Each structure stands twice: as structure tokens, then as C-alpha cells.
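Student: For the record, the sequence lines run as chains R and C.
Positions 1 to 341 (full-length UniProt numbering) are the ones given, in order, by the first sequence.
Positions 1 to 292 (full-length UniProt numbering) are the ones given, in order, by the second sequence.
Beta carbons: idealized from backbone N, C-alpha and C, even for Gly.
Only a predicted model underlies this, so the values are computations on that prediction, with no experimental measurement involved.
Below are the C-alpha cells for one structure; questions will follow.
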Amino acid sequence: MPEQTESAPLLELSKCEQIFRTKRGDVRAVAGVDLEVRPGKVLCLVGESGCGKTTTARAAAGLTRPTAGWVRYKGEDVNTMDSASRQAFREAVQYIHQDPYASLNPVRTVYSTVTAGLRRHKLVKTRTEARAKAAELLELVDLTPAESYLDKYPHQLSGGQRQRVAIARALAMGPQVLIADESTSMLDVSIRVSLLNTLGRLRDDLDVGFLFITHDLAVAKYFAWDGEIAVMYLGEIVEQGPTPQIINDPQHPYTKALISAVCEPDPRLAREKKTVRLRSSEIPSLTALPSGCTFHPRCPLFEPGLCDASAPPLSLINGDARRLACHVVARDHGPARAGAN
Amino acid sequence: MSTKTKKGTGGTLSVLWQGITRSPSGFTGMCIVVAILAFVFLGRFLVDHDNPTDPDALWLPMSGEHWLGTNFEGKDTFTKLVLGGAEPIWVGALAAAITVVVAVILGALAGYLRGRFDDIVLQATDITMTIPFITVLIIVASYFRNISPLMVALIIGLLTWPFLTRSIRAQVLTLKEREFIEAAKLQNLGTTRVVFVDILPNMAGYIFINFIIAVTNAIYAIVGLYLLGLLPSTAENWGLMIQQAWQNSAYLLPRALPFLLAPLAMIALFQVGLVLVTRSLEQALNPRLRER
Chain R
1 MPEQTESAPL LELSKCEQIF RTKRGDVRAV AGVDLEVRPG KVLCLVGESG
51 CGKTTTARAA AGLTRPTAGW VRYKGEDVNT MDSASRQAFR EAVQYIHQDP
101 YASLNPVRTV YSTVTAGLRR HKLVKTRTEA RAKAAELLEL VDLTPAESYL
151 DKYPHQLSGG QRQRVAIARA LAMGPQVLIA DESTSMLDVS IRVSLLNTLG
201 RLRDDLDVGF LFITHDLAVA KYFAWDGEIA VMYLGEIVEQ GPTPQIINDP
251 QHPYTKALIS AVCEPDPRLA REKKTVRLRS SEIPSLTALP SGCTFHPRCP
301 LFEPGLCDAS APPLSLINGD ARRLACHVVA RDHGPARAGA N
Chain C
1 MSTKTKKGTG GTLSVLWQGI TRSPSGFTGM CIVVAILAFV FLGRFLVDHD
51 NPTDPDALWL PMSGEHWLGT NFEGKDTFTK LVLGGAEPIW VGALAAAITV
101 VVAVILGALA GYLRGRFDDI VLQATDITMT IPFITVLIIV ASYFRNISPL
151 MVALIIGLLT WPFLTRSIRA QVLTLKEREF IEAAKLQNLG TTRVVFVDIL
201 PNMAGYIFIN FIIAVTNAIY AIVGLYLLGL LPSTAENWGL MIQQAWQNSA
251 YLLPRALPFL LAPLAMIALF QVGLVLVTRS LEQALNPRLR ER
């Protein structure tokens with residue numbers, strides 16, 4: 001596993017920025033995000049609603065064109081590549097939507113949905129071959145016996161089954177990267193785990209890289225333990241590093257707040273747990289961002305004159321793999337341990 | 001149930017068949033439509049096309065020889081009834097086909113592509129919508145005196161497409177934002193495929209019903225033109241029969257009534273059949289309704 005971290009990134013976002021022009025002013029949904037997805041690895045993007053997770057994912061999937069910065073697939077810019085490379089990109093990078101009730105065409109059977117891409121791109125020759133391939137894909141996502149699902153319509157399936165069909169469709173093209181946008185958040189907890197296990201098998205057996213978007217840190221911890229977590233706040237990444245470090249030893253005050261907000265089922269532990277109190281629970285409007293560090297109006301570590309003056313850069317601290325954007329933490333912890341670097 | 005789902009995989013036709021036979025009223029409608037089509041298009045091979053004028057047999061009552069009696073010229077009413085159905089039906093179907101094909105292609109592409117193409121289509125619908133097609137038909141028909149049924153079909157078809165175009169465009173505008181369309185785009189399926197294979201089948205029921213409504217409208221239009229006496233009186237047409245019956249005051253003479261009522265009944269029956277069929281088509285084309 002450790003050697004794989006050195007492999008070249010499949011999908012790379014650099015200085016990716018998405019500004020939506022609206023009547024009430026420009027909305028900076030994503031502000032200069034750098035991310036890398038490597039084969040067999042999970043990059044988990046967490047953050048509260050409206051922080052730009054989905055916008056980032058859509059840009060990564062090539063669904064929208066970022067207003068600045070690049071999305072590169074195997075080193076090639078997705079938005080300027082020729083049609084052959086674009087086809088390769090489309091096959092290699094697949095997107096799983098959040099809502100399995102909206103992402104399947106209600107008038108098409110499971111067979112038809114799953115094999116549409118294969119048939120269109122002549123990857124299967126005959127109907128028999130297409131059905132065999134579809135059955136194989138359904139078995140891969142634990143829809144067995146596959147034959148009994150092929151001719152079903154989406155309305156005959158449960159939410160979990162639908163989401164599996166959506167994943168089977170994404171897998172049909174033999175993807176190298178899966179972008180999962182809150183793909184498990186609509187499902188029951190029991191189904192969620194089995195689906196995460198299915199996705200985990202793909203990651204480990206087929207070496208699929210994941211850009212996994214969630215607001216649920218428990219899911220992030222479960223699925224991305226060997227990978228990385230990037231915490232987003234108002235379109236920016238505020239902390240990024242290996243999952244165990246972020247979960248067990250969060251440094252950025254926002255990450256701390258997020259982690260302390262996760263429910264603790266054990267009442268004894270829950271009582272001992274320190275909750276991070278934010279100065280305000282209100283999320284600033286994207287059209288009127290606070291000066292300096294955008295988190296400063298809510299931040300418990302806020303220091304006037306420092307935090308509201310300039311935006312903190314996302315830089316390495318502690319000499320480890322973690323990157324952090326906070327003036328206060330960088331000052332208090334950064335230089336002291338940076339000597340060891 | 002299991003045998004039915006097995007059959008369902010056979011193809012679109014068998015799926016349609018199941019949907020149509022499931023609802024009794026829809027099935028009745030289909031039987032009516034098929035019976036009238038057979039009466040009109042097969043019947044013309046069985047009746048004697050030579051239906052001579054007979055001054056000695058004016059307004060004969062119903063009999064074994066003349067099933068529906070004779071008309072004001074002594075011609076056999078039943079023969080005229082068989083021969084007179086083909087024209088309104090094919091003109092109606094052709095006009096409806098023109099309307100629906102134009103509306104589906106323009107509406108779907110305009111809604112999906114937006115931009116300049118959409119602007120042009122919208123302008124064209126606005127302009128065409130302001131032309132009252134009945135008035136145009138009447139003017140053209142009275143000016144040229146003998147326009148062909150084909151012309152009638154073309155005029156109706158080319159002047160009624162904007163309404164359906166608008167509503168199809170509106171539906172495509174919402175459908176194309178749905179996630180399953182995004183999923184199709186993510187697989188690089190191509191514009192034509194996404195529009196005509198992924199989006200349009202979602203409104204197949206709507207389109208079919210509009211086709212049938214367009215057929216009924218076009219039939220009424222051509223029958224109406226005959227009734228107003230604006231089309232040549234040499235043709236065999238139910239509308240012309242009604243007009244001639246009216247002009248010759250057939251309604252005053254009980255034994256002449258079949259000449260007036262038979263074509264009226266055929267038109268009404270055919271329309272009722274079509275309307276009933278739409279109900280089962282809706283069922284046949286929507287997988288959710290198909291189950292019940």
C-alpha cells in the first residue's frame with residue numbers, strides 16, 4: 001500500500017475555481033482547490049452543506065467547466081482535450097449521483113440502463129453478450145440473482161437496489177476513478193454499510209480511485225481510512241491530510257468543530273467529550289465573504305488583526321503530510337515542529 | 001405474472017399489446033378503431049365502386065338490396081359510406097403525423113440545445129401560432145375551389161405544430177435537468193441518442209395522445225370544409241355526404257335519415273374509439289401504470 005501513494009495521480013484539480021455570476025453578485029462556490037485522486041486510493045471531501053463539495057465534484061467529472069484553474073486527467077486538461085481523449089476520460093471517470101430515485105431513467109429497464117454506454121460505444125457486439133455483461137455487473141454490486149433484475153424498471157426496486165444499479169452503470173465503462181457525490185447519504189444505515197463494502201471491494205480489487213464526497217464523517221472514517229480527507233469550508237480546503245490524522249488529531253478549528261459534532265453513542269464518552277463551541281453558527285453568505293480567513297467570524301481561536309487581515313495559505317505543518325490553512329495554529333504549532341522537517 | 005413479464009421482454013410491440021388489452025375501455029376503443037379501419041380500407045375491395053345514379057330509386061328506405069337505402073341521386077348509401085371513410089381518415093392521420101413529427105423534432109431539439117436554435121424555433125412558433133388555420137383553410141379552399149385532400153392535410157399539419165412544439169419544448173426543459181440525463185451525458189451517449197432515446201420515451205404517452213387528438217382535429221377540419229361546401233363535390237367523403245344530406249333536406253324525410261346519420265355515426269364512433277385508445281396507450285407506454 002505505501003508504494004501506491006507515490007503513483008501518478010489519475011485525476012488532478014489545480015487552482016480550480018468556480019464562480020457563478022448571479023444578479024446579486026458573483027458567488028465564489030469553489031475558490032482555488034487542489035486535489036489529487038490516485039488509483040486504489042480514496043480522497044474524501046467533507047464539509048457542511050453549501051461549501052462547494054458538489055460543485056468541485058461536478059468540475060472534476062467534467063460536467064461543468066471551472067472558471068479558472070484546471071482539471072487534468074492523466075496530465076491532460078479535461079476541457080481542452082480532443083474528442084478521442086475526451087472519450088477515454090468519459091469512460092475512465094464516472095460519477096455516482098446522490099439520489100438514486102432521480103438518477104435512473106424511469107422508462108428504461110435495468111438492463112437497458114446498465115448497458116447503454118457499452119452498446120453505444122460498441123463494446124459489446126450482440127444482445128446475448130450485452131445481457132451477460134449486464135448480469136456480470138449486477139453481480140459485482142451484489143444484485144443477485146442478476147437475471148431477475150435485468151428486466152425490472154427502477155420503480156420496482158428499493159433505494160439501495162437503485163443505487164447499486166447506478167453504480168453498476170458507472171462500472172460498465174471500466175472506470176479508473178469513481179466520483180461519488182453523497183452516494184450513500186440517501187440510504188438506510190444498514191444498506192449504507194453494505195454499499196460501502198461493495199465500493200471498498202472495487203477500490204481494493206479493481207484499483208479504482210475514489211473522490212468520495214460526504215458530510216458524514218463516520219462514513220469518511222469508515223471508507224477512507226487508508227486515504228485522505230480534505231475538509232472544505234466556503235469553497236476552500238482548510239485542512240487536508242491522511243484520514244487517521246484528521247479524525248484522531250484535527251488541528252483546524254473548523255475540523256475540530258465538525259468532529260466534535262459527530263454523535264457519540266456511548267453516553268459516558270459523550271459526557272466526557274469536549275464540544276467545540278463556535279462563536280456563531282451562521283454560515284456567511286458566499287456573495288459577501290468575510291475578510292481574511294473566511295472562518296474568522298465563527299472561529300473560537302479568532303485573533304483580531306491577524307485572522308481578519310489576510311487569508312491563511314494552505315501549507316504543510318508538523319512536518320507530516322497534513323496541510324492546514326489557519327494563522328493561529330500555524331503560528332502556535334507550525335514553526336516549533338517544522339524544525340524537525 | 002411471471003409468464004407476462006417473460007412476454008414483456010419480447011419487444012415494444014408485445015409490451016404495447018399488453019398495455020392495450022389490460023384496460024377494458026381501451027380495448028373496446030381499439031376494437032372500434034380497428035373495425036372502422038377494416039370497414040373503410042378492406043370494405044372498398046368488397047363493394048361495387050360503380051354506384052350509378054338511378055332516377056327511379058331516389059330516397060329508397062333500407063332494404064335487403066340497399067342496406068342503408070339510397071340517396072337523393074338514387075346511389076346506394078352503404079356503398080358511399082364504405083368509400084367515403086378513407087379520405088377523412090388518411091387526411092387526418094397525415095396531418096397529425098406532420099404536426100407531431102415537426103413538433104417532436106423541433107420542440108425536443110430546441111429545449112435540449114437552447115441557444116440560437118431555440119430562439120429561431122420560438123420565433124417560428126410565435127408567428128405560426130398567430131395564423132388561424134381554419135380561416136386559412138377556408139380562404140385557400142374557397143379561392144382555389146378544388147384543393148386536393150393532400151393540400152388540406154399539409155395546411156393543417158403545417159399550421160398546427162406550434163402548440164405541441166411549445167409543450168414538448170417545455171417538458172424537455174425540465175426533463176433534461178434530471179439526473180438520469182446527466183448520467184447519460186456522462187456516458188458520452190451523444191445528443192441525438194440522449195434526446196430521442198432517453199428523453200422522449202419519458203413523454204411517449206403524451207406524444208401519442210397528442211397525435212390522436214391531432215387526428216381527431218384534422219378529421220373535424222376536413223369534414224367541416226366539406227360541410228361548408230368548400231371542397232370539390234366529386235369526391236367520396238363522409239363530410240360531403242353530410243353536406244349533401246343537409247342541402248337536400250334529408251332530415252325532413254324519415255326514410256332518408258340513414259344518408260345523414262350513417263356518416264355522422266361513423267365519424268363520432270371513430271373519434272370515440274380513438275379517445276378510448278389513448279387511455280390504454282398511456283398505460284402501455286408508462287412502465288409504472290403497466291403493472292396494475
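(1) Just how far apart, CA to CA, sit Pro39/R and Tyr73/R?
(2) Is it buried or exposed, Thr275/R, if we count other Cβ atoms within 10 angstroms and call 16 or more buried?
(3) Compute the Euclidean distance between the alpha carbons of Arg119/R and Arg58/R, then round it to the nearest angstrom.
(4) By how many angstroms is the C-alpha of Leu253/C removed from the C-alpha of Ser233/C?
(5) Is Gln171/C close to chain R, meaning its C-beta is less than 8 angstroms from at least one C-beta of that chain?
(6) So which residues of chain C does Ser103/R contact, with C-beta pairs closer than 9 angstroms?
(7) Note down the Cα distance separating Ile131/C from Asn237/C, rounded to an integer number of angstroms.
(8) By the 10 Å Cβ neighbour count, where 16 or more other Cβ atoms means buried, how is Cys16/R classified, buried or exposed?
(9) Can you find the residues in the same chain that come closer than 7 angstroms, C-beta to C-beta, to Lys256/R, ignoring five residues on each side of it along the sequence?
(10) Taking Asn202/C as the query, report the chain R residues whose CB atoms sit under 8 angstroms from its CB, ordered along the chain.
(11) Measure from the C-beta of Leu13/R to each C-beta in chain C and report whether the shortest distance is under 8 angstroms.
(12) Taking the C-alpha atoms as reference points, what is the distance between Ser14/R and Lys125/R?
(13) Output yes if chain R places a C-beta closer than 8 angstroms to the C-beta of Asn188/C; else output no.
(14) Quick one: which residues of the region 63-84 of chain R get their C-beta closer than 8 angstroms to a C-beta of chain C? List them in chain order.
(15) If the cut is a Cβ gap below 8 angstroms, which residues of chain B does Arg288/C touch?
(16) Which chain C residues are close to Gly50/R, counting only those with a beta carbon under 7 angstroms from its beta carbon?
(17) Mind checking who Val30/R pairs with in its DSSP beta bridge?
(18) Start and end of the alpha helix (DSSP H) containing Gly111/C?
(19) In whole angstroms, what separates the C-alpha of Leu230/C from that of Gly224/C?
(20) Buried or exposed: His97/R, going by 16 or more other Cβ atoms within 10 Å of its Cβ?
(21) Over what stretch of residues does the beta strand (DSSP E) that includes Tyr226/C continue unbroken?
(22) For Ser103/R, collect the residues of the same chain with a Cβ closer than 7 angstroms to its Cβ; drop the 5 residues on either side in sequence, then sort them by chain order.
(23) Scan the region 118-129 of chain R for residues whose Cβ lies nearer than 7 angstroms to a Cβ of chain C and list them as they occur along the chain.
(24) By Cβ distance, which residues of its chain are closer than 6 angstroms to Gly117/R, with the 5 residues on each side in sequence left out?
(25) Identify, in the order they occur along the chain, each residue of the same chain with its Cβ nearer than 7 angstroms to the Cβ of Gly25/R, setting aside the five sequence neighbours on each side.
(26) Alpha helix (DSSP H) containing Arg279/C: first to last residue?
(27) Residues of chain C with CB under 8 angstroms from Arg169/R, in chain order?
(28) How many angstroms separate the CA atom of Leu261/C from the CA atom of Lys80/C?
(29) My assumption, with CB atoms under 8 angstroms, is that Ile191/R sits in contact with Gly160/R. Please give the rounded CB distance.
(30) Let me make sure I understand the geometry here. Which of Trp161/C, Asp76/C, Ala141/C has the alpha-carbon closest to that of Leu106/C?
(31) According to DSSP, is Phe210/R part of a helix, a strand, or is it coil?
(32) Classify His155/R as buried or exposed, calling it buried when 16 or more other Cβ atoms lie within 10 Å of its own Cβ.
(33) Excluding the five sequence neighbours on either side, which residues of its own chain have a C-beta within less than 8 angstroms of the C-beta of Lys7/C, listed in chain order?
(34) Any residues in the region 111-126 of chain C with a beta carbon nearer than 9 angstroms to a beta carbon of chain R? Which ones, in chain order?
(35) Please report whether the beta-carbon of Arg193/C lies at a distance below 8 angstroms from any beta-carbon of chain R.
(36) Tell me which residues of the region 86-103 of chain R have at least one Cβ-Cβ distance to chain C shorter than 7 angstroms, keeping chain order.
Tutor: In brief:
(1) Approximately 12 angstroms, taken between the alpha carbons.
(2) When all chains shown are included, Thr275/R counts as exposed.
(3) The C-alpha of Arg58/R is placed about 25 angstroms away from the C-alpha of Arg119/R.
(4) Rounded to the nearest angstrom, the two C-alpha atoms are 22 angstroms apart.
(5) Taking 8 angstroms as the threshold, the shortest C-beta distance from Gln171/C to chain R does not fall below it.
(6) Taking the beta carbon of Ser103/R as reference, the chain C residues within 9 angstroms of it are Arg178, Glu179, Phe180, Glu182, Ala183, listed in sequence order.
(7) Taking the straight line joining both Cα atoms gives about 27 angstroms.
(8) Label assigned to Cys16/R: buried.
(9) If the five residues before and after Lys256/R are omitted, its C-beta is found closer than 7 angstroms to the C-beta atoms of Pro250, Val276, all from its own chain and listed in chain order.
(10) Here the neighbours are Asn105, Pro106, Val107.
(11) So no, Leu13/R is outside the interface.
(12) Using only the alpha carbons, I get a separation of about 39 angstroms.
(13) Chain R contact via Cβ: present.
(14) Cβ proximity to chain C below 8 angstroms picks out Leu63 from the region 63-84 of chain R.
(15) The chain labelled as chain B is not found among the protein chains of the depicted structure, namely R and C.
(16) Ordered by position in chain C, no residue passes the 7 angstroms Cβ test against Gly50/R, which lies about 19 angstroms from the chain.
(17) The partner list for Val30/R (beta bridge, DSSP) reads Gln18/R.
(18) Element bounds for Gly111/C: 86-113.
(19) Rounded to the nearest angstrom, the two C-alpha atoms are 9 angstroms apart.
(20) The residue in question, His97/R, is buried, as its Cβ has 16 or more Cβ neighbours within 10 Å.
(21) First-last for Tyr226/C: 204-227, but that is the alpha helix (DSSP H), not the beta strand (DSSP E).
(22) So the list reads His97, Ala166, once near-sequence residues are dropped.
(23) Using a CB distance below 7 angstroms, the part of the region 118-129 of chain R facing chain C consists of Arg120, ordered along the chain.
(24) Leaving aside the five residues that flank Gly117/R on each side, the residues in its chain whose CB is nearer than 6 angstroms to its CB run, in chain order, Ala172, Met173.
(25) For Gly25/R, where only same-chain residues beyond five positions count, the Cβ hits under 7 angstroms are Thr287.
(26) Note, Arg279/C: alpha helix (DSSP H), 257-285.
(27) Taking a Cβ-Cβ cut-off of 8 angstroms, the neighbours of Arg169/R in chain C comprise Ala183, Gln187, given in sequence order.
(28) Cα-Cα distance, rounded: 13 angstroms.
(29) With a Cβ gap of about 4 angstroms, Ile191/R and Gly160/R count as contacting.
(30) Proximity to Leu106/C across Trp161/C, Asp76/C, Ala141/C peaks at Trp161/C, based on C-alpha coordinates.
(31) Strand, per DSSP.
(32) His155/R counts as exposed, since fewer than 16 other C-beta atoms from the protein chains shown sit within 10 angstroms of its C-beta.
(33) With a pLDDT of 40 at Lys7/C, under the threshold of 50, the predicted position of this residue should be treated as unreliable, though the coordinate-derived value follows. Correct list, in chain order: Ser14, Gln18.
(34) Among the residues of the region 111-126 of chain C, none has a Cβ less than 9 angstroms away from any Cβ of chain R.
(35) Yes, Arg193/C lies at the interface with chain R (some Cβ there is under 8 angstroms from its Cβ).
(36) Under the 7 angstroms Cβ criterion, the region 86-103 of chain R contributes Gln87, Arg90, Gln94, Tyr95, His97, Asp99, Ala102, Ser103.
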